[in-house]
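Chains as they are written, first to last, in the numbering used here: chain A, 2 to 101; chain B, 17 to 122.
In structure tokens, the structure reads:
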């Protein structure tokens, strides 16, 4: 499923909404999550999962091809932890409590 | 800096501000978006959201684990786990904001 498939599904479900507005809604949701992560905020979506950002320390790395040492700068990586309810649903367990 | 946690309520508020829907409808749309994604994943479909990232379900085989506290061996049953891969756009955005790094820098 791509973002456009998702928008099409929603358009079928909400025939009274303009597809253009659905597109804006979907983009708003993911932009909002991205913006929160760019502020180093956590995003917790109960029943679905939580997005967070982890800091990776600067380190001395090696170019695996040449063996040459290179310094790798500090960086931040986005991280997702699946919520309990979704994890259970993926494994065919329904109807558990909605805690994350 | 990690003091604010964003939840469904804030996403609904953002949708409310962006489009002329009621607060209720905005909240419902956020739920339905997450539910559509969940259902696709439960059907074992990969979900690709351009400029955000992709979600994919991986099947893990049975293996023997160990209780790290007691050292006791416990079987870990086959299960399905969800993996999220952030897009380069998202990674770059986060790193530009938090480190001031150049686009594409490792």
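C-beta: ideal position from N, C-alpha, C; glycine also. Since we're looking at a predicted model, the values are computed, not measured.
So the beta strand (DSSP E) residue i belongs to, where does it begin and stop?
{"i": "residue 72/B", "result": "69-76"}
{"i": "residue 45/A", "result": "43-46"}
{"i": "residue 61/A", "result": "60-63"}
{"i": "residue 55/A", "result": "50-57"}
{"i": "residue 82/B", "result": "79-82"}
Are the Cβ atoms of residue i and residue j separated by less than 9 Å?
{"i": "residue 84/A", "j": "residue 47/A", "result": "yes"}
{"i": "residue 26/A", "j": "residue 22/B", "result": "no"}
{"i": "residue 107/A", "j": "residue 49/B", "result": "Limits of chain A in this structure are 2 at one end and 101 at the other, which puts residue 107/A out of reach."}
{"i": "residue 45/B", "j": "residue 37/B", "result": "yes"}
{"i": "residue 54/A", "j": "residue 78/A", "result": "yes"}
{"i": "residue 110/B", "j": "residue 35/A", "result": "yes"}
{"i": "residue 2/A", "j": "residue 105/B", "result": "no"}
{"i": "residue 56/A", "j": "residue 82/A", "result": "no"}
{"i": "residue 87/A", "j": "residue 49/A", "result": "yes"}
What distance in whole Å lies between the Cβ atoms of residue j and residue i, which are believed to be in contact at a cut-off of 8 Å?
{"i": "residue 66/B", "j": "residue 4/A", "result": "5 Å"}
{"i": "residue 39/A", "j": "residue 113/B", "result": "4 Å"}
{"i": "residue 7/A", "j": "residue 52/B", "result": "6 Å"}
{"i": "residue 96/B", "j": "residue 73/B", "result": "5 Å"}
{"i": "residue 31/A", "j": "residue 68/B", "result": "5 Å"}
{"i": "residue 29/A", "j": "residue 29/B", "result": "Not confirmed; about 10 Å, so no contact."}
For residue i, report the span of its alpha helix (DSSP H) as first-last.
{"i": "residue 25/A", "result": "20-39"}
Q) Any chance the stretch 83-93 of chain B sits against the stretch 43-57 of chain A, with 3 or more Cβ pairs inside 8 Å? A) no
Q.
What ranges does the alpha helix (DSSP H) occupy inside the stretch 93-119 of chain B, keeping only unbroken runs of at least 4 residues that lie completely in it?
A. 104-115
**Q.** alpha helix (DSSP H) segments (min. 4 residues) lying fully within the stretch 26-69 of chain B
**A.** 39-58
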